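Taking it in order: structure first as structure tokens, then the write-up.
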Amino acid sequence: MIRISSSIPDSVLRQAKDKATAVTVRVGKDGITDSVIQELTDQLSNRGLVKAKANRGVANSSAERSEMFRLLAESTGSTMVHIRGNVAVFWSGKN
Numbered sequence: 158m159i160r161i162s163s164s165i166p167d168s169v170l171r172q173a174k175d176k177a178t179a180v181t182v183r184v185g186k187d188g189i190t191d192s193v194i195q196e197l198t199d200q201l202s203n204r205g206l207v208k209a210k211a212n213r214g215v216a217n218s219s220a221e222r223s224e225m226f227r228l229l230a231e232s233t234g235s236t237m238v239h240i241r242g243n244v245a246v247f248w249s250g251k252n
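Residue numbering for the sequence shown follows my numbering, starting at 158 and increasing by one per position.
Here it is as structure tokens:
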């Protein structure tokens, strides 16, 4: 189970869970690459909150997806604030 920080503001959690928040980063068949990490890092510095989606077949099980998203958060220095299926939301820590 993924532990999500309890220090995340309610406003960030609401935005993360909002279906209107668009996916702006996709993890393709090659998985986590330097370009995916760089794109997520760039978007986090500009937007603060970024929704990422793993394409089908990238991670076959829930545990693999969770681990992949955990590695993305670790690689970008962000906090994973929400995960559901093959979609995760990352927060830079800035409002």
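Beta carbons are placed, not taken as given, at the ideal position from N, Cα and C, and that holds for glycine.
Bear in mind that the values here come from a model prediction, so they are computed numbers and not experimental data.
Cβ shell of residue i (< 8 Å), same chain only, five flanking positions each side left out
i: H239; result: I161, L170, A173, K174, A245 and V246
i: I189; result: M225, L228, L229 and S232
Assigned exposure category for residue i - 16 Cβ within 10 Å defines buried
i: Q195; result: exposed
Proximity of residue i and residue j at Cβ, strictly below 9 Å
i: V207; j: T181; result: yes
i: V193; j: N212; result: no
i: S168; j: L197; result: no
Span of the beta strand (DSSP E), counted from its first residue to its last, around residue i
i: K210; result: L206 to A211
i: A245; result: V244 to W248
i: T236; result: T236 to R241
i: T181; result: V180 to V184
Boundaries (first-last residue) of the alpha helix (DSSP H) holding residue i
i: A230; result: S219 to T233
i: V169; result: D167 to K174
Residue i versus residue j: straight-line alpha-carbon distance, rounded
i: S223; j: I165; result: 19 Å
i: L201; j: S219; result: 24 Å
i: S249; j: D187; result: 24 Å
i: E221; j: K210; result: 14 Å
i: N217; j: N243; result: 10 Å
i: M158; j: R241; result: With a pLDDT of 41 at M158, under the threshold of 50, the predicted position of this residue should be treated as unreliable, and no value is reported.
i: M237; j: T178; result: 15 Å
Spatial neighbours of residue i in its chain, beta-carbon cut-off 7 Å, leaving aside the 5 residues before and after
i: K251; result: G205
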